[in-house]
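In the numbering used here, the protein residues as written are 599 to 1116.
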């Protein structure tokens, strides 16, 4: 009897464990575009197009390689609307097609374990025998990460990253790290200037499959999140490789220096913008790291740039996936700082006088993309300081970015950005005043607010909110060695300056509570 081989929209890899374990001659690949997955959060319309077009092209590739693929499009009249429903429908079809199937038992399902707890539970609850195989596209499996974490007082990415370097041999000279240091992050914090030569972002050429999906999404989600066109993303392996080629040739050499920088109107700078393709399965992350290493060894890219790129993939990406599955399905509900304020409406519109927020949110709505500092230190920092619900912010990030899947997004938001996990991911909250934004960008010189003002009318809202955040959580953070200096600085302030700062923060938070933009 044939089995059903489930391939999800972020599992578009020919070497997927479920495909390797299947029999091409008799098993049937099941792929389905379903409304449940398109709407469980309000996904950016470009993300929906990216996933659906990539799925259609991957199904076409599998058929060309000899697989039988049962594919359901979003507008198929028989579409049940859910992954579980489509598996049951296909199982019923096979049962009817294969004489004696009822006597031999229900159609079995072979799957690679999904990247979020919600879908794993769905498969476990199906009235069909389902085998979930490990997703071995990752360097560190879930069991291996749990073994690494066992007995440690704190889980810190830096030490995990060193183990991954040793395991892979990437950027190693024998037993020692290339260049004598494990981490070159201190060299990767240069502010950018407007006179830099910036490479053009990769834009995929139009093709009939993607155009058909664009039209479908335009019709089905006319009021959905984000701008739909122009659509830049590649939707197959060849296009993703072309995007990687552009990055390695044009942007990698300066990626390290300016990876934390922000410039008004410059949405991509030297960033790779490869994470949507990696997370879909169109690009092999380890192959990308080896290619980056080869660029350094050939003298075409400096070590600080290549090490920073490699660290993001085999260090941070692997680490946060390990955290997500180690922490369990309740991780997204954590709220260690008891932040309960609703997400301000301007997170969906960009209608705020804060230029940094308007820039980050505006490009997010236009591109389904913002780089890590815009996410962490602009939209994330504001939410942290303002006491916005980490669950509301988690859903927003999951909705608006093309590379967002819960295994990667939740630890970045709940853990790193909002400290809602109480320090499982980060040793301290990533809280900053306007001075950080001013140092790393040109945003402040275009802003309606004055970043130099600490309180009162016209002051950058991040300044009073920063101190208010520290005071609200003094009992928790005053003993943190990495934050002690900040509390000493507050204690040295004149009482009238402290009162003015807290009064300004109170006014800003009241403004948010009235539903008004800042």
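Don't be surprised by glycine CBs; every beta carbon is placed ideally from N, CA and C.
Select from 875, 888, 815, 957 the residue whose C-alpha is nearest the C-alpha of residue 770. 888
With distance defined between alpha-carbon atoms, name the residue in 980, 1008, 912 nearest to residue 923. 1008
Which two residues bound the contiguous alpha helix (DSSP H) that contains residue 1034? 1032 to 1038
Take residue 1103 and list the residues in its own chain whose beta-carbon comes closer than 6 Å to its own, dropping the five residues that flank it on each side. 1062, 1063, 1066
Return helix, strand or coil for residue 825, following the three-state DSSP convention. coil
Rounded separation between residue 847 and residue 667 - CA only: 37 Å
May I have a chain-ordered list of the alpha helix (DSSP H) segments no shorter than 4 residues that lie completely inside the stretch 923 to 952? 944 to 947
Hey, could you find the ends of the alpha helix (DSSP H) residue 594 is sitting in? Residue 594 cannot be examined here, being either before or after the span of the chain that is shown, 599 to 1116.
Please report the distance separating the alpha-carbon of residue 1117 from that of residue 878. Outside the shown range of the chain (599 to 1116) lies residue 1117, about which nothing can therefore be said.
Residue 851 and residue 900 look like a contact to me (Cβ under 8 Å); what is the Cβ gap, rounded to whole Å? 7 Å
Same chain, Cβ closer than 6 Å to residue 854, neighbours up to 5 away in sequence not counted: 786, 902, 903, 906
Comparing C-alpha positions only, which one of 619, 1086, 792 sits nearest to residue 1038? 792
Assuming contact is defined by CB atoms lying nearer than 7 Å, are residue 830 and residue 801 in contact in what I supplied? yes
Between the Cα of residue 623 and the Cα atoms of 817, 605, 601, 637, which residue gives the shortest distance? 601
By DSSP, does residue 616 sit in helix, in strand, or in coil? helix
If you draw a straight line from the alpha carbon of residue 1026 to that of residue 979, how long is it in whole angstroms? 13 Å
Can you round the beta-carbon distance between residue 1022 and residue 913 to whole angstroms, since I take them to be within the 8 Å contact cut? The Cβ separation is near 16 Å, so there is no contact.
Would you kindly check if the distance between the Cβ of residue 707 and the Cβ of residue 720 is under 7 Å? no
Distance, Cα to Cα, residue 765 vs residue 748? 19 Å
How about residue 768: is its C-beta nearer than 7 Å to some C-beta of chain D? No chain D appears in the structure shown, which is made up of a single protein chain.
Inspect the beta-carbon positions of residue 953 and residue 1041 and report whether they are closer than 7 Å. yes
What are the boundary residues of the alpha helix (DSSP H) that residue 1116 is part of? Run containing residue 1116: none; DSSP gives neither H nor E here.
Anyone know if the C-beta pair for residue 1033 and residue 988 falls short of 7 Å? no
Quick one: residues in its chain with C-beta nearer than 8 Å to the C-beta of residue 724, no 5 flanking neighbours on either side, listed in chain order? 682, 685, 686, 707
When we look at the beta-carbon of residue 733 and count the other beta-carbons within 10 Å, is it buried (16 or more) or exposed? buried
For the putative contact between residue 693 and residue 632, defined by C-beta atoms under 8 Å, what is the C-beta separation to the nearest angstrom? No, residue 693 and residue 632 are not in contact; Cβ-Cβ is about 21 Å, not under 8 Å.
Could you pull the start and end residues of the beta strand (DSSP E) that residue 630 belongs to? 626 to 630
Between the Cα of residue 644 and those of 997, 657, 948, spot the shortest distance and give me the residue it belongs to. 997
Measure the alpha-carbon distance for residue 1101 versus residue 1055 and round it to whole angstroms. 11 Å
Residue of 1099, 1036, 1045 minimising C-alpha distance to residue 790: 1036
How would you call residue 700, buried or exposed, if buried means at least 16 neighbouring beta carbons within 10 angstroms? Its pLDDT being 44, under 50, residue 700 is placed unreliably in this model, and the value from its coordinates should be taken loosely. So residue 700 counts as exposed.
Please state whether DSSP places residue 668 in a helix, a strand or coil. strand
Quick check on the burial criterion: 16 or more other C-beta atoms within 10 angstroms. Buried or exposed for residue 1044? exposed
Beta bridge counterpart(s) of residue 1024 as assigned by DSSP: Partner(s): none; residue 1024 has no beta bridge.
Run of the beta strand (DSSP E) containing residue 647, from where it starts to where it stops: Run containing residue 647: none in the beta strand (DSSP E); it sits in the alpha helix (DSSP H), 643 to 662.
Determine the extent of the alpha helix (DSSP H) in which residue 867 is found, giving its start and end residues. Element bounds for residue 867: n/a, residue is neither H nor E.
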